[in-house]
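Comments concern the structure below.
Residue numbers (this note's numbering): 1151 to 1286.
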């Protein structure tokens, strides 16, 4: 069941990776705990701050699951954006075993210049999901 986001501060966290591109799980857990200890109201992992574009597809769900499996009160969102609708869908599907509270999709830079194209890109991304509401 999804937790509602309250008003407040949602932290976009970084993603600690080792030299081979694997997630440094203990560092990630400590990073999240530091944020919680300092009073954040929500966590966003795998956004642009988390260097999501450079994280391998196999590591992406590991990062999300590591954060989601922590016993924290703050809602957890996962960034899933890409310039490819297919890769966005792949990322979202890879999260099916993660107990997250939401996903974050931002307009790709390519579509910012075409403002009318942005909402349709995002709706196409989400149309395959079983969700009750999509906000654009």
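The beta carbon of each residue, even a glycine, is placed where N, CA and C say it ideally should be.
Values in this document were obtained by computation on a predicted structure and should not be read as measured data.
Subject >> Sufficient close CB pairs (3 or more, under 8 Å) joining the region 1160 to 1168 to the region 1179 to 1194 >> reply: Yes, since at least three Cβ pairs between the region 1160 to 1168 and the region 1179 to 1194 fall closer than 8 Å, the two stretches touch.
Original post:
Hey, would you say residue 1205 sits closer than 9 Å to residue 1167, going by beta carbons?
Top reply: yes
Subject >> Under 9 Å between C-beta atoms of residue 1230 and residue 1212 >> reply: It is not a contact, given that the beta carbons lie outside the stated cut-off.
Original post:
DSSP three-state call for residue 1159: helix, strand or coil?
Top reply: coil
Original post:
In angstroms, rounded to a whole number, what distance separates the CA positions of residue 1214 and residue 1245?
Top reply: 7 Å
**OP:** With a cut-off of 8 Å on the beta carbons, I'd call residue 1182 and residue 1217 a contact; round off their distance for me.
**Re:** 6 Å
Original post:
Taking the continuous beta strand (DSSP E) assigned at residue 1253, which residues delimit it?
Top reply: 1252 to 1254
Original post:
Does DSSP put residue 1192 in a helix, a strand or coil?
Top reply: Note: residue 1192 maps to strand in three-state DSSP.
Subject >> Inter-residue spacing [alpha-carbon to alpha-carbon] between residue 1256 and residue 1226 >> reply: 16 Å
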